[in-house]
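Numbering-wise, the working numbering comes out as the position in the sequence shown, counting from 1, plus 16.
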Amino acid sequence: MRKSLPILLALAFLGATSQPLLANAATKDPHHVMWTNKKGKAKCCNKGTKEKAEKCADRMRSKGVADVQVMNGKCSSM
């Protein structure tokens, strides 16, 4: 039992320190794209990052979609 105690303490320490590192690596920067369809109804689409949202908005603008905006957060928070 005494030989395994330092090993258990080391494993507990490594487990406790690795979780915050993993949480920081998985952080997202949620953005969403808002636009108006041909009938005048407001629409919204969630994207994981600002780059993805900007790319989606550029495609929509090239197709002639009206009032395209990129905003922070998710659609449900608006």
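Beta carbons: idealized from backbone N, C-alpha and C, even for Gly.
Given the structure is predicted, the values throughout are model-derived calculations rather than measurements.
Cβ shell of residue i (< 7 Å), same chain only, five flanking positions each side left out
i	result
S78	none
Boundaries of the alpha helix (DSSP H) in which residue i is found, first to last residue
i	result
K68	K66 to S78
Boundaries (first-last residue) of the beta strand (DSSP E) holding residue i
i	result
N88	A82 to N88
Beta-carbon proximity list for residue i, same chain, < 6 Å, skipping 5 on both sides
i	result
T65	D45
Contact belief for residue i with residue j at Cβ below 8 Å, rounded distance in angstroms
i	j	result
V84	E70	Going by Cβ atoms, the distance from V84 to E70 rounds to 10 Å, so no, they are not a contact pair.
Residues near residue i by beta carbon distance below 8 Å, same chain, minus five either side
i	result
M76	V49, W51 and V84
K63	P46, H47, H48, V49, A69 and C72
Bridge-paired residues (DSSP) for residue i
i	result
N62	H48
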